Structures are given as C-alpha cells and as structure tokens.
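First up is the structure itself, then whatever we jot down about it.
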Ligand code: SF4
Ligand code: SF4
Ligand code: SF4
Ligand code: FES
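Chains as they are written, first to last, in this note's numbering: chain A, 169 to 252; chain B, 2 to 960.
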C-alpha cells in the first residue's frame with residue numbers, strides 16, 4: 169500500500185488495522201502475541217468485518233502480517249448472514 | 002422558589018487541624034487555627050460589617066469597616082486579617098466601633114453616585130447593605146470637591162471621571178461606582194490566575210485597571226467572571242443583569258460545555274435566565290467558572306435554533322416542516338423498511354457526549370433492544386477511547402483515578418498533550434494555584450502551551466517532542482526511572498505483578514529506549530528527559546494529567562498504557578495528590594462511555610459477550626440481546642460506502658465536522674437511505690440528513706452529567722423546552738413508534754433503571770444526589786459515599802499490570818511533498834466544533850481558525866502573518882490565515898478546528914489508534930503554501946451546505 173494515498177477500500181483498511189494490532193502485540197511477551205491479537209479482534213470487530221477478514225485470509229491474502237494469519241485460527245468465524 | 006442561599010464567610014476556610022476556642026460577643030466558638038475572627042464570627046452567626054473581604058480570596062484589610070475590639074488589646078484590629086487565638090474575647094459591636102464604621106461609610110458614599118434606585122445592583126449591592134448595616138443616615142460631604150462620580154463639573158471635564166468600559170461582551174466596568182476594594186484584583190490573581198487587573202495610582206487617585214491602561218477586551222482578561230462575582234458594587238456587572246434585572250429564584254445545575262463539569266446557579270426571573278453564577282459548593286469547581294459556562298449560554302435562544310421537526314426525500318431537497326407524529330412515524334417505518342430490506346445490522350446510532358446520562362442510556366437501549374444489534378458508538382471514539390482501553394488493561398477501569406481537589410496535594414504535575422488553561426479552564430486555574438504555591442510542572446507537548454510560562458509559573462521542564470512520538474518519550478522516562486533505580490519497589494511488590502514488572506523493566510531498560518537513543522526522532526534533549534524523570538520519581542506526590550494529544554494518535558492506547566506504567570512504577574496511585582487523570586473533552590464523555598455507548602460494551606463497561614450481564618438487561622427489557630460487538634463509527638461509514646449500512650440515528654453529534662477525513666464521512670452519509678439527526682441546529686452532518694429532530698438544551702431538561710473525575714452531577718430543568726421536548730422524550734417517542742413499550746415519565750426513572758442494572762451506580766438516585774450534592778462512581782454498598790480516589794488499597798483488576806510499550810512510528814510521515822507536521826487543538830472561548838460557542842458573543846475572541854507556523858517555515862514559503870495559506874495533506878486541502886509564532890517548533894504547524902468553513906478535517910487522514918480506531922488527529926503530514934482564497938472544496942462545500950439548509954413550507958403555512 170502506498171503511503172502517499174489514504175487507503176481506499178474497506179478491505180485495505182481491515183488489513184491495515186489487523187497488521188497494526190499485530191504490530192503492538194509483536195512487542196509483547198511471546199506467549200501473549202497470538203492470544204492478544206485474536207482476543208482483540210474477537211472483542212472489537214463486528215461480524216461484517218470478520219467476514220471480510222476471513223474471505224481474505226481464506227484466499228491467502230499476502231498482505232497480512234504472518235502473526236495475524238497465525239492468530240486467525242483463534243478468531244471467531246461470524247455466523248451466516250440472515251435477514252430480520 | 003427562592004434564591005439558593007450562599008453564605009459569605011469573609012475569608013477562606015483554614016485547613017488546620019488544630020482547633021481554637023474563643024468568645025465572640027459572649028458566645029463561645031471553636032474553629033480551626035488560622036481562621037480569621039471575621040470567619041469565626043460568621044460561623045457563629047454574627048455578621049461583622051465588611052466590604053473588602055470575601056471568602057473567595059485572601060483578606061487584604063483595606064476598608065476598615067470590619068473592625069472589632071479585643072479585650073486586653075489596644076486599638077481596633079480588622080477582623081478579616083486578625084486570626085483567632087485561644088481565649089480571645091471579641092466584641093463586634095461597641096459604640097466606638099459604630100462611630101468608626103459610620104465615618105468610613107460616610108467617606109465611601111460621599112464619592113459614590115446616589116442612583117441606587119436605577120442601579121443594576123439594586124438589591125444585590127454590598128455597599129448598600131453596609132450603609133444600612135451601620136445605620137448611615139446622612140452624608141456631610143457633598144460632591145463639590147474631588148470626586149470620581151461626575152463627568153463634568155461647573156461646565157468643565159472632571160479629570161478623575163472615567164467612562165464605562167463596555168468592551169467585554171458580557172460585563173461592564175463602571176469606574177464611577179468603584180470603591181477600590183481590590184476584590185476583583187485578588188479574584189483575578191488568586192482564583193483565576195490570570196493577573197489581568199491592577200490597582201493603579203495611590204490613595205484617592207487609585208483605580209482598577211485591566212492590563213496597562215487597556216480596556217477589558219484588549220487586556221489579558223479571559224472573561225472568567227471571577228472579578229464580577231467578587232465585586233461588591235455595580236462596578237463590574239453582567240450585562241444581562243443590567244438588561245433584565247435582579248433574579249428572583251435560582252436552581253443549581255451543571256455546565257454543559259466541558260468535562261470539568263462546573264456547578265452553577267442558574268439565576269432566573271420566571272423562565273428567563275438572568276445569569277449563571279458558579280456555585281461555591283460545586284465540588285468540581287469550588288465556585289469558579291470559565292467564560293463558556295458563565296456567559297456563553299446565548300445559543301439556547303439563538304435565531305438559528307430549529308424548533309420543529311423536518312423531513313425530506315433527498316438531501317438535495319429543501320427541508321419540509323412536519324408534526325412530531327409524522328416525523329416519528331416516518332423514521333420508524335424507514336428504519337424497519339431498511340432492516341427488512343438489508344438486514345437487521347443495516348442500521349445503528351450514535352449517542353451524544355453532550356446529552357445526559359439518561360438520554361445516552363436510552364439511545365443505546367433503543368439500538369440494542371429496538372434495532373436488535375449493537376451498532377452504537379459515541380464521539381468518545383474520536384477523543385478518549387484509548388483511555389478506556391489503556392487504563393482498562395493496566396488498572397482495570399476506564400476512568401481517571403482522582404478528584405480535582407487532589408491537585409491541591411500534588412508536588413509534581415506532568416501535563417501531556419493537554420492544554421488545561423484553554424481546554425479545561427477551571428481545572429487549569431486550580432492547577433495554577435497549586436503551581437504558584439510551589440508544585441513543580443513538567444509539560445510534554447509539541448507546542449509551548451500557555452501553562453509553560455504564565456504569570457508566576459514556569460515549567461521546570463518542557464519537552465517539545467515531535468508530534469507522534471509520545472510513546473518513545475514516555476518509555477524513555479521509564480528507562481531513566483528503572484535504570485537509575487528510582488522506582489518504588491515496595492509499592493510495586495504490594496500492588497502489581499512483580500514478574501510483569503520485571504519483564505517491563507527489562508524492556509524499558511534496553512539501550513534503544515534511552516533518552517539519548519530516541520533524540521533523533523523525538524527532538525527532545527536527553528538531559529531534559531532525564532531531569533524530568535528524576536523530578537517525577539523523586540519530587541513527592543506525582544500526578545499525571547493528559548488530554549487528546551495523548552489519545553488522538555496511532556499509538557494512543559499504547560501511550561495511555563505507558564502513562565499508567567509510569568504512575569505504577571513510581572507508586573503514584575491510590576492517594577490524594579497523585580494518579581492518572583484524563584482530561585475529558587465534552588461535558589459528558591465520561592458519562593456516555595459509562596452508559597454503554599460503545600458497540601462492544603453494555604453500561605458499566607461489560608462486554609456484550611458476557612452472558613450474565615446480557616441476562617440482567619434481557620430480563621429488565623424483555624428482549625434477546627445480541628452477543629456480537631457492533632460497528633464503530635468509522636466502521637459504520639465504511640459499511641455505508643460498501644452498501645451494507647443504510648440508516649443512522651445521531652443524537653447531538655456532528656460527525657461530519659468532528660470526525661477525520663471529512664470526504665469519507667460525507668461519502669458514508671451520502672450512501673445511507675435514512676439519516677436522522679437530532680440537534681439544536683442544522684449542523685454540518687444535517688447537510689446529509691433526511692430527518693431532523695430538534696433537540697433541547699441542558700437548561701430545558703432534567704438529568705445528570707458525569708465529569709472527568711467520575712462525578713455524577715445533576716442537571717436541572719429551569720425552563721420549558723423551546724422545541725417542546727427534552728431529548729430523552731424524543732428518543733422515547735421514537736422507540737414507541739418502533740413498537741417498544743417505554744413509559745418513562747421523568748428522567749429519575751431512567752436513573753433508577755441504570756442503578757438497578759449497573760453495579761458501579763447501584764446507590765445513585767436523584768434523591769441521593771439531592772442529598773449528597775454529587776457523587777463519584779463507583780457508588781454502591783462498598784463505597785456508599787462514592788469514590789473520590791480509586792485503587793486505594795489495590796487495583797480494580799487485582800494486580801496492576803505493567804505492559805511493554807514499543808514505539809512504532811506512525812505511517813503518517815513527512816516527506817518531500819508534505820514536509821510539515823500538523824497538530825490540532827482548541828482554545829478557551831470556543832468549544833469543540835463550536836456549534837454552540839459560535840452562536841454566542843464568544844466569537845469576539847476567536848473569529849476564525851488560524852494556522853500557527855514558525856517564522857522560519859513561513860519565511861521559506863514567503864508567508865506573512867495574516868496571509869491566506871493553503872494547507873494540503875494526502876487527504877485534501879483547505880485554506881485559512883497564517884499566524885506566525887515561536888510557540889511551535891520549525892517543522893510543526895498547529896491549528897484549531899472550531900469553525901466549519903476551515904474544514905480542518907478535510908486535511909486529517911484516516912489513520913487511527915491501533916486498539917480503538919481513535920483517529921490520529923494530532924499528526925498529519927502537510928504542506929503549506931500561499932493562497933488567495935478558499936479552496937475548491939470549501940466553495941463546493943459551502944454551496945452544498947447552503948442548498949441543504951433551505952427550509953420550505955413552514956408548518957403553519959402548510960396546514
Ligand atoms: S473576568 Fe476573569 S480574567 Fe478577566 S479580569 Fe475578571 S477575573 Fe480576571
Ligand atoms: S471594581 Fe468592584 S471589586 Fe474591583 S475594586 Fe472596584 S468595587 Fe472593588
Ligand atoms: S466549560 Fe468547563 S471549565 Fe468552563 S464553566 Fe463549563 S465545565 Fe467549567
Ligand atoms: S473587610 Fe476587613 S478591612 Fe475590609
């Protein structure tokens with residue numbers, strides 16, 4: 169992603185946010201890193217965001233920090249889309 | 002109803018613990034050592050005549066009216082300056098005293114106009130009262146001689162006479178009525194700390210003067226009103242009193258501007274507000290105020306205030322006034338249609354940090370119980386969400402640890418990224434008072450804020466760091482404390498997890514975190530960091546106050562943790578004078594967070610996935626609640642642009658102006674099918690709204706605000722809502738239209754529901770608040786009196802948690818195209834996005850936002866002071882006028898964002914805090930260049946705004 173342009177799509181932003189979270193936990197003690205990232209995303213990301221996240225993870229999007237990919241195993245998969 | 006009584010004891014209370022007993026007029030009275038005889042008398046119910054003394058300032062002893070006789074002592078000492086002593090026998094009324102007092106009064110009156118009947122202070126004048134009290138019956142000296150009263154004498158100008166100074170928009174100074182008691186001068190010095198007033202000349206020639214022969218407006222005066230309050234005569238008088246007359250009743254309420262939460266008496270005549278006077282018993286402000294709360298309430302009757310609901314098909318249509326019923330029915334059917342068409346998660350809402358706790362609670366309840374999702378957020382997202390996260394992680398609770406009184410016990414005060422004299426003025430004044438008493442100050446801020454150097458105050462250290470490097474500097478402070486062994490081992494072993502401390506200590510001790518190592522990117526001199534760290538660790542009670550300059554960064558949450566680490570490492574938690582204190586922006590940011598405004602948290606900071614908590618609410622509300630976190634504001638806007646979020650209910654927030662990356666916000670709003678805005682004015686967000694519901698002001702409803710010290714203050718209705726309804730009633734009607742069975746008849750019932758569901762509010766009720774004045778949460782069985790100071794015997798989370806804080810440079814970097822760093826802030830007279838203050842006379846102090854730029858950077862670009870300049874970032878550009886200053890370092894520029902035309906958020910990017918998405922307002926890489934006028938975007942925006950504010954078909958005409 170070029171830093172001269174504000175990031176554009178929601179997908180770009182999700183990747184950026186996930187990597188930002190990973191950057192913080194990377195500096196924490198080893199045992200807390202993956203748990204920290206997945207816990208954070210489970211706690212704060214709405215289903216739509218996690219849904220889009222998993223679409224990209226499942227496609228093996230290379231822009232994710234490897235630590236995010238590792239944490240994905242502990243992130244809650246959102247429920248199926250349903251109407252009211 | 003009547004005026005709320007307040008007793009003037011004449012001199013401030015003594016804090017001594019030792020008690021002294023004496024006899025006054027035959028009555029025994031026991032008071033703390035150091036109390037004046039005047040105050041002791043008043044406590045015994047004996048009012049000694051006085052003019053120059055008042056209990057908001059120290060005694061001066063100049064008027065000689067308060068004389069008393071003391072058995073065994075010669076003469077007639079002034080009771081205001083004479084302290085009590087054991088066994089004294091004092092007489093306050095003897096024939097000798099009576100004669101002297103009459104003589105004194107006669108002299109005063111002989112140089113005072115006798116227009117009492119038509120004077121604005123008639124009925125509220127201490128000179129008048131004292132003339133009555135001493136039994137003055139005639140005045141032997143006329144005005145023939147020297148006087149200050151008459152403009153002309155025998156056809157000639159009287160050189161001693163001075164005209165009225167009416168330059169201040171809110172009060173007048175009429176020198177002809179001045180008795181030169183110097184109460185105003187002392188109030189300005191001691192209470193406000195501005196030192197704007199002096200007594201010029203001597204004896205009969207002496208006169209009060211703002212600054213150096215200036216008028217009030219052009220002097221240093223910040224219009225706090227303390228001098229007006231202190232003045233015993235009509236010399237300094239509110240213009241509103243001159244215009245309306247004296248109030249007949251008053252009601253205690255809470256300022257609706259900033260997070261200090263000052264208590265005021267709203268002084269009324271019928272339903273007309275005569276003036277707002279700070280309440281002496283208000284525990285946040287202790288009788289002081291700032292220009293906003295004291296004077297800037299005129300917006301409530303401003304002609305632009307919208308009083309009828311309005312609807313439109315498309316945002317390009319003009320507004321059409323409708324009945325309330327039509328508006329509710331329309332919103333309810335639109336929201337239900339959208340949910341049917343796009344899914345339950347396609348709508349959401351935003352609660353207001355300006356509205357009451359009760360109103361916020363209802364909005365989140367409407368969303369969770371009525372919309373059936375957790376898509377609720379609040380403007381705290383853009384200011385203090387990292388505080389919640391950072392303090393939650395380290396201490397276990399999302400709030401400041403102290404009360405404001407605590408600062409009176411501090412020895413070293415650290416201020417980070419906050420500008421208390423402008424942003425939180427009354428706290429700023431209380432802080433300055435402590436600093437003048439000798440407490441040391443450390444300021445960490447890219448800009449030289451006023452507090453760094455102000456009258457009788459000089460910061461011991463100012464660390465002018467590059468914007469965006471807070472974490473590096475905070476970690477370097479910790480590095481010094483750890484490597485030099487200045488940490489408080491006993492405290493840490495008792496209160497914190499020792500192994501976590503060891504891990505953290507090893508982390509910060511690394512050479513890469515030393516002040517020397519970080520100098521190249523923080524720009525702070527290593528010896529200053531070392532000095533500041535040593536001072537903080539060893540200087541006694543150390544308190545940290547911080548503001549948006551900490552939170553509004555990519556690493557906002559990390560900085561909050563670094564602050565918490567520092568406080569724990571030095572043992573500065575859990576007693577008066579220390580602590581970690583976020584200075585909250587808006588009046589009820591704390592409250593709106595407490596009340597469950599975040600998409601992942603129910604009231605009381607309990608995660609939506611917690612079954613036990615959901616059950617409490619499900620039982621009470623009779624619905625199933627979602628256990629999935631909802632969307633935050635930026636996520637809502639993203640989802641709107643992506644087409645999955647279509648409707649929003651916004652109560653009292655202006656996200657188009659307050660949120661970053663204006664163009665993205667506009668695109669998100671434009672993509673929605675039903676935007677409902679509830680506010681006082683057609684704010685910027687309303688340009689994109691389909692429904693407008695007129696809101697009410699804090700004067701028009703009952704409720705509570707919670708200030709930055711967790712203090713729950715009552716807001717009391719003093720007039721009928723001009724729009725017809727309080728905001729809580731509007732939300733309730735909307736909920737009813739959506740099929741919810743709500744039947745609140747008064748906000749106290751909402752508070753009862755809050756108390757029943759939220760443990761930290763368990764004992765709070767309106768009756769209890771009436772009894773206590775105010776309480777600080779947690780207020781429950783364990784702490785029935787509330788909690789002025791938190792974490793006294795241990796942290797809320799158990800053991801305090803040290804967390805490693807690695808500095809990560811923001812991606813918002815300068816480069817050849819954008820070589821300067823923009824940081825933003827605010828000023829005293831304006832408030833937030835200025836929707837209210839811009840609609841008051843406060844505009845005389847701040848007509849426009851200016852770009853502060855260092856002379857060096859200005860010169861390079863051929864920019865002169867006052868020139869129009871174009872400010873460009875990666876997101877967009879805007880124009881404003883330059884102000885050349887050395888307050889900012891070369892390479893840094895600064896502006897406020899109080900005026901919509903400036904559109905400072907067109908510039909800000911969508912980078913945000915890693916943990917909370919709090920936008921990175923405080924760092925944007927920009928370029929500045931000369932310009933000749935508004936940018937294309939500004940022109941376009943103005944046109945769109947103008948179009949969008951059209952109103953057709955006034956209701957009366959339509960029916
Ligand atoms: S209004 Fe406040 S700042 Fe101005 S002169 Fe009076 S006390 Fe001082
Ligand atoms: S202006 Fe009022 S307070 Fe100040 S010296 Fe004159 S009478 Fe006293
Ligand atoms: S704006 Fe803040 S400091 Fe000023 S009066 Fe209101 S609450 Fe107090
Ligand atoms: S009141 Fe004591 S000298 Fe004026």
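All C-beta atoms in this analysis are idealised placements derived from N, C-alpha and C, irrespective of residue type, glycine included. All values derive from a computational prediction rather than experimental measurement.
Asked                                                                                                                           : Found
Chain B within 9 Å of residue 206(A), Cβ atoms only                                                                             : no
Where residue 189(A) meets chain B, residues with beta-carbon distance less than 8 Å                                            : 915 and 916
Reference residue 640(B); option with closest CA among 669(B), 402(B) and 502(B)                                                : 669(B)
Beta-carbon proximity list for residue 172(A), same chain, < 7 Å, skipping 5 on both sides                                      : Here the model assigns residue 172(A) a pLDDT of 40, short of 50, so the residue's position is not dependable, and the following value carries that caveat. None.
Three-way DSSP call (helix, strand, coil) for residue 491(B) in this model                                                      : helix
Reference residue 238(B), options 273(B), 165(B) and 284(B), closest by Cα                                                      : 165(B)
Proximity of residue 425(B) and residue 134(B) at Cβ, strictly below 9 Å                                                        : no
Below-9 Å beta-carbon distance, residue 250(B) vs any chain A residue                                                           : no
Listed by chain order, chain B residues near residue 232(A) by CB distance under 9 Å                                            : Under the 9 Å cutoff, chain B gives no residues; its nearest Cβ is about 15 Å from residue 232(A).
Start-to-end residues for the alpha helix (DSSP H) that takes in residue 594(B)                                                 : 590-595
According to DSSP, residues forming a beta bridge with residue 545(B)                                                           : 415(B) and 581(B)
Ligand 1 heavy atom lying under 8 Å from the CB of residue 198(B)                                                               : yes
Chain-ordered chain B contacts of residue 212(A) [CB-CB under 7 Å]                                                              : 601 and 630
Sequence ranges, alpha helix (DSSP H) only - wholly within the segment 172-218 of chain A, length at least 4                    : 178-194 and 198-212
Contact under 9 Å by Cβ, residue 471(B) with residue 414(B)                                                                     : no
CA nearest to the CA of residue 451(B), picked from 468(B), 433(B) and 467(B)                                                   : 433(B)
Start and end residues, beta strand (DSSP E) containing residue 320(B)                                                          : 320-322
Residue from 781(B), 862(B), 849(B) and 739(B) with nearest C-alpha to residue 334(B)                                           : 739(B)
Proximity test, Cβ basis, 9 Å: residue 224(A) and chain B                                                                       : no
Residue closest to residue 873(B), alpha-carbon to alpha-carbon, out of 521(B), 711(B) and 936(B)                               : 936(B)
Under 9 Å between C-beta atoms of residue 283(B) and residue 257(B)                                                             : no
Extent of the continuous alpha helix (DSSP H) to which residue 516(B) belongs                                                   : 516-523
Strand pairing of residue 166(B), partner residues [DSSP]                                                                       : 174(B)
Cβ-heavy atom distance, residue 231(B) to ligand 4, below 8 Å                                                                   : no
Residues of its chain near residue 716(B), where Cβ-Cβ distance is below 8 Å and the 5 sequence neighbours each way are ignored : 254, 255, 257, 357, 699, 702, 703, 704, 705 and 706
Within 9 Å, strictly: CB atoms of residue 876(B) and residue 907(B)                                                             : yes
Cutoff 7 Å; reference residue 1(B); Cβ partners in own chain excluding five residues on either side                             : With chain B represented from 2 up to 960, any question about residue 1(B) goes unanswered, as that position is not in the structure.
Closer than 8 Å: residue 227(B) CB and nearest ligand 1 heavy atom                                                              : yes
Minimum C-alpha distance to residue 748(B) - residue among 407(B), 503(B), 729(B) and 765(B)                                    : 729(B)
In DSSP terms, what residue 215(B) is bridged to                                                                                : None, per the DSSP bridge assignment.
Which of helix, strand or coil DSSP assigns to residue 251(A)                                                                   : No answer about residue 251(A) holds up, because its pLDDT of 45 lies below 50 and its placement is not dependable.
Residues that DSSP places opposite residue 704(B) in a beta bridge                                                              : 716(B)
Pick from 107(B), 89(B) and 197(B) that is closest to residue 224(B), judged by C-alpha positions                               : 197(B)
Per-residue DSSP class, three states only, for residue 355(B)                                                                   : coil
Cβ-heavy atom distance, residue 841(B) to ligand 1, below 8 Å                                                                   : no
Span of the beta strand (DSSP E) around residue 650(B)                                                                          : 648-652
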